Each structure stands twice: as structure tokens, then as C-alpha cells.
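Chemist:
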Amino acid sequence: MISDAIETTQCQQKDPVDLFHSGHFVKICAPMVRYSKLAFRTLVRKYSCDLCYTPMIIAEDFVKSVKARDSEFTTSKGDRPLIVQFAANEAQVLSDAARIVCPFADGIDLNCGCPQRIHDDLKRTVDLCRKAEATGVSWITVHGRNVEERHQPVHYDAIKIIKQNMSIPIVANGDVKTLKDAENIHHMTGTDGVMVARGLLANPAMFAGYEETPLKCIQDWVDIALEHGTPFTCFHHHLMYMMERITSKQEKRVFNVLSSTSAVLDYLNDHYGV
Ligand SMILES: Cc1cc2nc3c(=O)[nH]c(=O)nc-3n(C[C@H](O)[C@H](O)[C@H](O)COP(=O)(O)O)c2cc1C
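When you line the sequence shown up against this note's numbering, it's residues 2 to 275, in that order.
1) Is it true that the CB of Y242 sits closer than 7 Å to the CB of L269?
2) With respect to 6 Å, is the separation between the Cβ of N147 and the closest non-hydrogen atom of ligand 1 below this value?
3) Ignore the nearest five residues each way along the sequence and tell me which others in A159's own chain have a CB closer than 6 Å to its CB.
4) Grab the span of the alpha helix (DSSP H) containing D182 for me, first residue to last.
5) Grouping DSSP H, G and I as helix and E and B as strand, with all else coil, what is H152?
6) Measuring from the CB of Y157, is there a heavy atom of ligand 1 at a distance below 6 Å?
7) Does DSSP put A206 in a helix, in a strand, or in coil?
8) Within this structure, are the beta carbons of P82 and D107 separated by less than 7 Å?
9) Among residues of its own chain, excluding the 5 on either side of M57, which ones have a beta-carbon nearer than 6 Å to its beta-carbon?
10) Per DSSP, L95 is paired with what?
11) I'd like to confirm something about N174: is its beta-carbon nearer than 6 Å to some heavy atom of ligand 1, or not?
12) To the nearest angstrom, how far is it from the Cα of T75 to the Cα of K38?
13) Tell me the residue span of the alpha helix (DSSP H) that contains Y48.
14) Evaluate T142 with the Cβ neighbour count: other Cβ atoms within 10 Å of its Cβ, from every protein chain shown; 16 or more gives buried, anything less gives exposed.
15) Would you call the CB atoms of I186 and A173 closer than 7 Å?
16) Compute the distance between the beta-carbons of V223 and V197, then report whether it is under 7 Å.
17) Taking N270 as part of the alpha helix (DSSP H), name the residues at either end of that continuous run.
18) Between which residues of its own chain and A209 is the CB-CB distance below 8 Å, once the five residues before and five after are set aside?
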């Protein structure tokens with residue numbers, strides 16, 4: 002809650018652009034509605050994630066309603082560097098929302114990605130990115146698919162061309178599932194960072210080099226989620242994602258229908274000693 006965050010998080014602002022000058026590609030947790038909340042951000046930061054985004058927040062609601070602010074945005078002292086993502090179609094509203102949140106964040110992101118992504122005519126995408134660059138944005142994240150594409154391969158070649166035409170840092174996004182994927186995409190595109198959504202849901206420890214979620218990470222999620230008072234549905238859904246690759250169909254049939262925190266804790270203890 003903003004009210005709780007004031008004393009603990011003000012005045013610790015870092016310039017996240019510095020991350021892009023570290024000589025390494027920046028490992029980023031994507032904005033994810035319902036999922037990239039404080040507890041999950043705390044978990045991925047423990048496993049080598051350099052920079053986190055909040056879920057998308059509707060700027061207009063955020064400006065108008067204290068209730069929306071308290072429910073949509075929670076942070077803590079260790080939750081840095083942090084980018085707050087807003088959806089807005091009026092500059093003034095975006096600016097007002099940014100002003101409210103700026104003491105608790107290191108940057109503001111405007112969601113332009115749902116659904117316009119790269120354009121079929123790549124020149125138009127490069128022109129759009131150049132216009133954004135000229136307005137003074139610090140970096141741009143590119144998801145390498147166009148509007149119609151859902152499951153088709155990501156166009157990393159297009160991301161590479163965008164990178165070659167820009168001076169500010171460019172972040173690549175799409176279908177990164179392991180640290181090796183992230184390294185390959187960094188080399189293939191020359192981009193300055195890699196942003197991951199579903200890969201981190203499935204394995205929050207992936208940036209630390211784990212191929213699948215280690216039990217220690219599941220234990221960490223349980224501890225962090227309980228400490229943060231995470232609502233049951235969110236607590237359980239994250240576990241379903243994390244355990245997807247390490248549980249059999251039969252185990253999923255039991256685990257996925259558990260309906261209380263105590264039932265989940267008993268299950269984890271009985272089956273994994275967590
Ligand atoms: C559960 C979920 C929620 C998402 N919410 C947002 C969001 O709030 N804002 C946004 O810009 N993109 C959102 N996305 C899109 C991701 O940030 C990302 O661009 C997309 O999933 C492709 O990356 P990936 O292949 O690593 O999953 C969401 C994706 C998922 C899976």
C-alpha cells in the first residue's frame with residue numbers, strides 16, 4: 002500500500018538505466034496482471050532477476066481512487082529497482098499517476114503492447130520506436146510478434162533490426178524459457194536486456210540458471226507468500242505454474258483442486274518435504 006510504503010521506500014531511487022551500462026544483459030521480470038505482484042517480485046529477485054515490473058495498472062483509476070491505489074500497488078524496501086506499468090490514453094492522466102507513484106519507483110512504463118506489437122512493415126515499427134526515443138524514453142521493450150500472431154515463432158530478426166536502428170537500450174521479449182535462451186537471444190539480437198513472463202511463472206529461478214523450479218524455490222515461495230499474506234488463489238496459482246514441469250498428470254489432478262492454504266501446505270510437506 003502506498004500509505005505503508007512511504008517511510009520505508011522513499012529516497013532510495015536508483016536510475017535503472019545504469020543497469021544497461023553494466024556490461025551484462027539485464028534480466029527482467031515482465032509486467033503480468035495478477036502475477037508480478039510484490040511477493041512474486043521478491044521471489045524472482047532472490048534468483049538473479051535484475052529488474053521487475055508491476056502488473057499493468059489503469060492510470061485513471063489509480064489517480065481517482067485511494068482504494069484502487071492501495072489494492073493495485075504494494076511495495077517494500079527491498080523491492081527495487083522497480084518499474085510501474087500504467088495503461089493510459091491521456092498524457093495528463095499518465096503524468097498524474099506517475100507523479101503519485103514516483104517516490105516509490107525507479108521508472109514508469111507505458112503499456113503500448115496490447116495488441117500492437119511489431120508491424121508487418123518493419124520500417125513503421127522502427128519509425129514508431131524512433132519517435133518514442135525522440136520523446137525521451139529511457140528504453141523500449143519489443144515483443145517480436147505482430148497483432149495476428151499468437152503462437153508463431155518470435156521474430157528475433159525484427160528485434161535485431163530495431164536494436165540496430167536505435168540509440169537507447171532495447172529489451173527483447175518473447176518465448177524465453179531458460180537462462181540459455183536469454184543468452185542466445187541477447188547474442189542473436191544484440192539487445193541490452195531480456196524480459197520474461199511465462200518462463201518465470203514456470204520457473205522463478207530460471208535467471209539463476211536452473212532448468213526447472215528447484216524445491217528450494219518452492220519453499221521460498223511458500224515462505225514469502227505467507228509472510229506477505231498472499232490471497233489463496235494467487236498463492237495456489239503460482240505453485241501450479243511452478244510445479245507444472247515437475248508433477249505428473251495424476252499429481253496435478255489432486256494438487257490443482259486443493260482449496261485451502263493448509264491443504265496445500267500438507268500436500269507439499271507429504272510429497273516434497275517442503
Ligand atoms: C499472466 C500474464 C499477464 C500479463 N500481463 C501483462 C501486463 O500487465 N502488461 C503487459 O504489458 N503485458 C502483460 N503480459 C504480457 C507479458 O508481459 C509478455 O509480453 C508476454 O507474455 C510474452 O512474453 P513471454 O513469452 O516471456 O511470456 C502478460 C502475460 C501473462 C502470461
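The beta-carbon is built from N, C-alpha and C at its ideal position, and this holds for glycine as well.
All values reported here derive from a predicted model rather than from experimental measurement.
Modeler: Let me spell this out:
1) In this structure, Y242 does not lie closer than 7 Å to L269 by Cβ.
2) Checking the Cβ of N147 against ligand 1 gives no.
3) Excluding residues up to 5 positions away in sequence, I119, L123, G145 lie with their Cβ nearer than 6 Å to the Cβ of A159 in the same chain.
4) Per DSSP, the continuous alpha helix (DSSP H) segment holding D182 begins and ends at 180 to 190.
5) In this structure, H152 counts as coil in the three-state DSSP scheme.
6) No, the Cβ of Y157 stays beyond 6 Å of every heavy atom of ligand 1.
7) The answer is coil: DSSP assigns A206 none of H, G, I, E or B.
8) In contact: P82 and D107 (Cβ atoms closer than 7 Å).
9) Around M57: P32, V34, Q86, A88, N112.
10) Partner(s): none; L95 has no beta bridge.
11) Of the heavy atoms belonging to ligand 1, at least one sits nearer than 6 Å to the Cβ of N174.
12) Going from the Cα of T75 to the Cα of K38 covers about 8 Å.
13) In this chain, Y48 is not harboured by any alpha helix (DSSP H), its DSSP state being neither H nor E.
14) Classification for T142: buried.
15) Between I186 and A173, the CB-CB gap stays under 7 Å.
16) No; because the gap between Cβ atoms is not below 7 Å, this pair is not in contact.
17) In the DSSP assignment, N270 falls within the unbroken alpha helix (DSSP H) covering 262 to 273.
18) These residues qualify, in order along the chain: Y48, S49, L180.
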